[in-house]
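Input: a single structure, listed below in structure tokens.
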Amino acid sequence: MHRNVQQQIIESVLNRLLEEKEMVNRIRQGSLLLSAFFAVTVMGLDTDTYFPESKGNLTKITWAHAVNNASYLNETLQNATINMIEADVVLGTVGKDKTVIPIMAHPPDITSDLSLETFLELVNTSNIVNNTKHGIKLDFKSTDAFLNSTAFIKKYENESFPIWLNADILEGPNTNATPVNDTQFFAAAKDFKTATLSVGWTTGYNETNNTGSYSDDQISNMLNSIKTNNVSDLSFTFPVRAVYAANSTANLTTLLEGVSGSTLTIWSGEDDKVNVTNLRSLLEKVKLGKTYIDVPEALLNEIHLDTISSASLSSLSWVTMGVMLLFTFIFRL
52 MHRNVQQQII ESVLNRLLEE KEMVNRIRQG SLLLSAFFAV TVMGLDTDTY FPESKGNLTK
112 ITWAHAVNNA SYLNETLQNA TINMIEADVV LGTVGKDKTV IPIMAHPPDI TSDLSLETFL
172 ELVNTSNIVN NTKHGIKLDF KSTDAFLNST AFIKKYENES FPIWLNADIL EGPNTNATPV
232 NDTQFFAAAK DFKTATLSVG WTTGYNETNN TGSYSDDQIS NMLNSIKTNN VSDLSFTFPV
292 RAVYAANSTA NLTTLLEGVS GSTLTIWSGE DDKVNVTNLR SLLEKVKLGK TYIDVPEALL
352 NEIHLDTISS ASLSSLSWVT MGVMLLFTFI FRL
């Protein structure tokens, strides 16, 4: 009888230990899944991580445009109110040197006092030595300009500041301008795992032909290009011209839903006649947490961003899913 009691006690202890082991395994499994969840929610958000004040409202990111010469770059690097530095890259020459290299210039210019190599070095040095915080958006005006720039950019891939690689890779509204070759762009861009790919469409504009939009085919072509080139795992923002984006709410929503974690970057020409009411409707649909705004001050004042919600529906859905996941494992314990 005494032995039976002892055996029962031993079995009870062993069962208890097995139950505790099972509980530990479940907790570990839940922790791994929750870690994966949080990793996904921050993946590709390097810009708003670097500039935490923009968390949940990407329209707070500020821009300097066409920073294509040494004096303007120096001025911008000393300006703490600027977050992102946009500059154009073409193939050309610097000063009297006749060697053709990637330089900072906008077509039709093919000369500059600033090479891409020097531009990158100065931005990186300023961020480190002067303790400033500037990201960069490099706008490549041709396929060759991009392909000849990758070796210079690669040197800074592991630095802490955001790097955006921008190119118009598909033909867009009201233009037949030749885009950057999407296949060649993506083939080279695959090497830049921490960069944001800012890919859009060529556009044209005149006041008598300003009612266009981003068509079903143009959206489908972008989604197909990303899928075909196997780059869906990279970070994307889609630069869209405000005058056409304002007429494209449904299609741009489809675009964002088709590329996980992607955002819009809305830009505008100085003289573009934008339907502000329609543009506000787009912003209210997409939310400011998914939209960078890079437009002239006059248009920005008309939009009244302070009256538009900054909450991102997709962000809320991720949070909801995370909470559900947490409670599922709690109740399974």
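Using the working numbering, you'd call the opening residue of the sequence shown number 52 and step up by one each time. Backbone N, C-alpha and C define an ideal beta-carbon position, used for all residues, glycine too. Every value quoted in this text rests on a predicted model; they were computed, and no experiment measured them.
### Task
Ignoring anything shorter than 4 residues or poking outside the segment 253-317, list the alpha helix (DSSP H) runs there in chain order.
267-279, 293-296, 300-309
### Query
Looking only at C-alpha atoms, which of Met155, Ala238, Val231 sits nearest to Trp252?
Working through the sequence shown from its first residue, we reach residue 252 at position 201. Taking only the C-alpha atoms, the option nearest Trp252 is Val231.
### Message
Can you find the residues in the same chain that come closer than 7 Å, C-beta to C-beta, to Phe359, ignoring five residues on each side of it along the sequence?
### Response
Position 308 of the sequence shown holds residue 359. For the sequence presented, residue 359 should be read as Ile rather than Phe. Result list for Ile359: Arg331, Leu334, Glu335, Leu339, in chain order.
### Leu167 beta carbon less than 8 Å from that of Leu216
Along the sequence shown, one-based indexing puts residue 216 at 165. Along the sequence shown, one-based indexing puts residue 167 at 116. Against a cut-off of 8 Å, the Cβ pair of Leu167 and Leu216 comes out as no contact.
### Nearest candidate by alpha-carbon position, reference Ser177, set Asp160, Val145, Ile136
Against the sequence shown, residue 177 aligns to sequence position 126. Among Asp160, Val145, Ile136, the Cα nearest to that of Ser177 belongs to Ile136.
### Task
Give the DSSP-derived three-state secondary structure of Thr194 in the structure shown.
Position 143 of the sequence shown, counting from 1, holds the residue named residue 194. Looking at Thr194 - three-state DSSP - the assignment turns out to be helix.
### Task
Could you spell out the range, first to last residue, of the beta strand (DSSP E) harbouring Asn217?
Position 166 of the sequence shown, counting from 1, holds the residue named residue 217. Run containing Asn217: 214-222, per the beta strand (DSSP E) assignment.
### Task
Could you pull out every residue in the same chain whose Cβ sits closer than 8 Å to the Cβ of Ser368, ignoring the five residues on either side in sequence?
On the sequence shown, residue 368 is found 317 positions in, with the first residue counted as 1. Residue confidence is low: Ser368 scores 45 on pLDDT, short of 50, so the model does not pin down where it sits. Its coordinate-derived value is still stated next. There are no such residues.
### Message
Looking at the strands, I want to know which residues DSSP matches up with Glu137.
### Response
Counted from its first residue, the sequence shown places residue 137 at position 86. Partner(s): Lys188.
### Query
Pick from Ala238, Leu171, Pro213, Ser276: whose alpha carbon is nearest that of Leu198?
Position 147 of the sequence shown holds residue 198. The residue with the shortest Cα to Cα distance from Leu198 is Ala238.
### Message
Just to confirm, is the Cβ distance from Gly291 to Leu307 under 8 Å?
### Response
Against the sequence shown, residue 291 aligns to sequence position 240. Against the sequence shown, residue 307 aligns to sequence position 256. Checking the sequence shown, residue 291 turns out to be Val, not Gly. No, the pair does not count as a contact, with Cβ atoms beyond the cut-off.
### Task
Report buried or exposed for Gly186, applying the criterion of at least 16 other Cβ atoms within 10 angstroms of its Cβ.
Position 135 of the sequence shown holds residue 186. Gly186 sits buried, since 16 or more C-beta atoms from the chains shown fall within 10 Å of its C-beta.
### Per-residue burial, Ile161 [other beta carbons within 10 Å of its own, 16 or more giving buried]
Numbered from its first residue, the sequence shown carries residue 161 at position 110. Exposed.
### Message
Any beta carbon from chain C within less than 8 Å of Leu173's own beta carbon?
### Response
Absent here is chain C; the protein component of the structure consists of one chain.
### Task
From the DSSP output, read off the bridge partner residues of Val145.
Here residue 145 refers to the residue found at position 94 when the sequence shown is read from its first residue. The beta-bridge partner set that DSSP reports for Val145 consists of Ser163.
### Task
Pick helix, strand or coil for Ala202, following the three-state DSSP scheme.
As a working note, residue 202 is residue 151 in the sequence shown. DSSP places Ala202 in helix when its eight states are reduced to three.
### 8 Å contact criterion, which Val140 and Met155 should meet: CB distance rounded
The residue given as residue 140 occupies position 89 in the sequence shown. The residue given as residue 155 occupies position 104 in the sequence shown. About 7 Å separates the two Cβ atoms, so the contact holds.
### Query
Could you give the distance in angstroms between the alpha-carbon of Asn281 and the alpha-carbon of Phe236?
Here residue 281 corresponds to residue number 230 of the sequence shown, with the count starting at 1. Here residue 236 corresponds to residue number 185 of the sequence shown, with the count starting at 1. The straight-line gap from Cα to Cα measures roughly 12 Å.
#### Entry: Pairwise C-alpha distance: Pro158 and Gly146
The count along the sequence shown starts at 1 and reaches residue 146 at position 95. The count along the sequence shown starts at 1 and reaches residue 158 at position 107. So the alpha carbons of these two residues sit roughly 17 Å apart.
### Separation of Asn125 from Ile179, as counted between CA atoms
As a working note, residue 179 is residue 128 in the sequence shown. As a working note, residue 125 is residue 74 in the sequence shown. In a straight line, the C-alpha of Ile179 is about 15 Å away from that of Asn125.
### Separation of Gly223 from Asp242, as counted between CA atoms
Here residue 242 refers to the residue found at position 191 when the sequence shown is read from its first residue. Here residue 223 refers to the residue found at position 172 when the sequence shown is read from its first residue. The alpha-carbon atoms of Asp242 and Gly223 are separated by roughly 27 Å.
#### Entry: CB of Asp233 within 8 Å of CB of Ser299, strictly
The residue you call residue 233 lines up with position 182 of the sequence shown. The residue you call residue 299 lines up with position 248 of the sequence shown. At a Cβ-Cβ threshold of 8 Å, Asp233 and Ser299 do not count as neighbours.
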